[in-house]
Ligand code: XMP
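Residue numbers (our numbering): 101 to 632.
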């Protein structure tokens, strides 16, 4: 994954912790726990962590993640040999513990999953102390500690130099350490919510490893700016601005670094929400005095979408037009050499596939991928080390208004995917009005920040109603509101009946063209968040 050559963090002097990823589902959570402790860390897949990589990365400590494989299998993943003589503190978790034992002279036995006779263990377990070490400061104060286990194999013989500091009924080596070499290894997952004191264990580990906690947003901002200046020199940079949090924060940061060398392009495809174009353009042009092209391409997009009702066709048309338009306006900027993108760290990590298998295309997501190659541009991605909440923190640090930072995500294809079936201008107008009333209701009830995303979808169906003494035959709409952490899974938001009733009444009274309101109570999976 990791071309860090142009990443701000790669240029930084932060103390760095390396997480070697053996493919656990929860490796990202280790990074989250460490970032919360102001420790800068990067996740790298084990295949790329060679002896040379380790020497170049120069971490102050290393964590070996869990993983799905069995160390008893020939050819299963290992840590680089030089790790064991590097003099670095190492913490092994689950598979990471087993790798440590195997490579350092202990023994691991297969559990049910890998065909051995040992006991697999999944879920809650309680660990008993066996002596005390600094790693466990703050643990066992109220008796045994709850931890989360998820392992098939288990360690059956410790490597020389290791002792046991905690046991659970099915894991006699739940907590082990070689104190002389600063090697620690646990069978459970301290990074997950169900190990309530897991964060304390990480805190103790990084304290012992001598981290000073120098990863702050203020420091990141300064160093990211220096790195952008160094990367870009006096060349021009263009940035596709959607008004979403990521591209907004990236644009403001880059503008702070290189001023008018940056030009942003905001494409109005006619599928934006009520007042959105004015809001975004005013904010950037007036408040930041940033060169901004407001590309009004409504005719082009709506023209090409005319008569199209297939979701994938609609998405593909929009994606292609977006690239055409962007290219046209980028040319006008002159000899831009760089394209700025608000790529986040989870996108970078997710681009590594352990299985190597292609995943099924559920939807053709719209982004500007492929654009840099076509246009011969290099990428500037100043957020590629950050998680979403860190981007928000950086946005606050840069003085972006809170209303912008807390905005719900809005998809690239915009209202097109909230208007199942054919898109028409009258339908879009109705949708905009209904959406504005719905969001107003949510804000008035103080619920906006509790919700990941909320919107109205206008349904391709008319229903009969009665208003006053007359018959109506208007569109039905669906309200959608979900809670989510990352958009990958989601649950519907449990509005009260009073709220739903009041909102339906307002929409039907205030929006001409809608006479029926429904609430979508589908979670993801099996549904998706958007309707198309
Ligand atoms: P789904 O509908 O796939 O949406 O559950 C998950 C999240 O992604 C957003 N989304 C998109 N964002 N381009 C984007 O930039 C797209 O094509 C796109 N499709 C869905 C959606 O709003 C939700 O936050």
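The beta carbon of each residue, even a glycine, is placed where N, CA and C say it ideally should be.
Can you tell me which of the options puts its alpha carbon nearest to the alpha carbon of residue i?
i: residue 275; options: 282, 323, 263; result: 263
i: residue 234; options: 542, 139, 341, 304; result: 304
i: residue 174; options: 157, 202, 578; result: 202
i: residue 319; options: 364, 396, 410, 497; result: 497
i: residue 261; options: 184, 328, 195; result: 184
i: residue 335; options: 313, 385, 436; result: 436
i: residue 273; options: 328, 223, 197; result: 197
i: residue 525; options: 486, 404, 253, 259; result: 404
i: residue 364; options: 337, 370, 371, 379; result: 337
i: residue 627; options: 605, 485, 582; result: 582
i: residue 314; options: 134, 150, 350; result: 134
i: residue 187; options: 178, 565, 205, 159; result: 159
i: residue 494; options: 393, 352, 565; result: 352
i: residue 426; options: 591, 128, 369, 574; result: 369
i: residue 328; options: 433, 434, 478, 595; result: 478
i: residue 622; options: 608, 613, 589; result: 589
i: residue 122; options: 141, 430, 609, 176; result: 176
i: residue 527; options: 577, 492, 544, 332; result: 577
i: residue 342; options: 395, 356, 387; result: 395
i: residue 629; options: 595, 510, 533; result: 510
i: residue 256; options: 283, 210, 625; result: 210
i: residue 562; options: 554, 164, 617, 529; result: 617
i: residue 220; options: 249, 228, 244; result: 249
i: residue 610; options: 547, 559, 534; result: 534
i: residue 360; options: 377, 434, 543; result: 434
i: residue 347; options: 413, 440, 267; result: 440
i: residue 558; options: 529, 540, 505; result: 529
i: residue 157; options: 371, 283, 119; result: 119
i: residue 594; options: 587, 492, 542, 625; result: 542
i: residue 587; options: 508, 377, 602; result: 508
i: residue 550; options: 115, 539, 163; result: 539
i: residue 163; options: 447, 127, 152; result: 127
Count the other C-beta atoms from every protein chain shown that fall within 10 angstroms of the C-beta of residue i, then say buried if there are 16 or more, exposed otherwise.
i: residue 451; result: Only weak support is given to the placement of residue 451: the predicted model assigns it a pLDDT of 43, under 50, and the question is left unresolved by the model.
i: residue 585; result: exposed
i: residue 148; result: exposed
i: residue 373; result: buried
i: residue 242; result: exposed
i: residue 169; result: buried
i: residue 520; result: buried
i: residue 500; result: buried
i: residue 580; result: buried
i: residue 571; result: exposed
i: residue 224; result: exposed
i: residue 484; result: buried
i: residue 615; result: buried
i: residue 117; result: buried
i: residue 481; result: buried
i: residue 573; result: exposed
i: residue 567; result: exposed
i: residue 605; result: exposed
i: residue 181; result: exposed
i: residue 386; result: exposed
i: residue 125; result: exposed
i: residue 293; result: exposed
i: residue 269; result: exposed
i: residue 546; result: exposed
i: residue 603; result: buried
Per DSSP, residue i is paired with what?
i: residue 192; result: 164, 285
i: residue 591; result: 583
i: residue 118; result: 142, 162
i: residue 222; result: 250
i: residue 618; result: 578
i: residue 266; result: 229, 275
i: residue 366; result: 394
i: residue 257; result: 207
i: residue 624; result: 590
i: residue 336; result: 436
i: residue 245; result: 227
Pick out the complete alpha helix (DSSP H) segments inside the stretch 372-451, 4 residues or longer, and give them in chain order. Runs of the alpha helix (DSSP H) spanning 4 or more residues and lying entirely within the stretch 372-451 occur at 376-381, 398-405, 411-432, 445-450, in chain order.
Could you pull out every unbroken alpha helix (DSSP H) segment of at least 4 residues lying fully inside the stretch 120-162, listed in chain order? The stretch 120-162 contains these whole alpha helix (DSSP H) runs: 127-136, 151-157.
At which residue ranges does the stretch 469-513 contain complete alpha helix (DSSP H) runs of 4 or more residues, listed in the order of the chain? For the stretch 469-513, whole alpha helix (DSSP H) runs of length 4 or above, ordered along the chain, are 471-475, 488-497, 502-505.
Only counting runs of 4 or more residues, tell me where the alpha helix (DSSP H) segments fall wholly within the stretch 513-581, in order along the chain. Complete alpha helix (DSSP H) runs here, min 4: 525-544.
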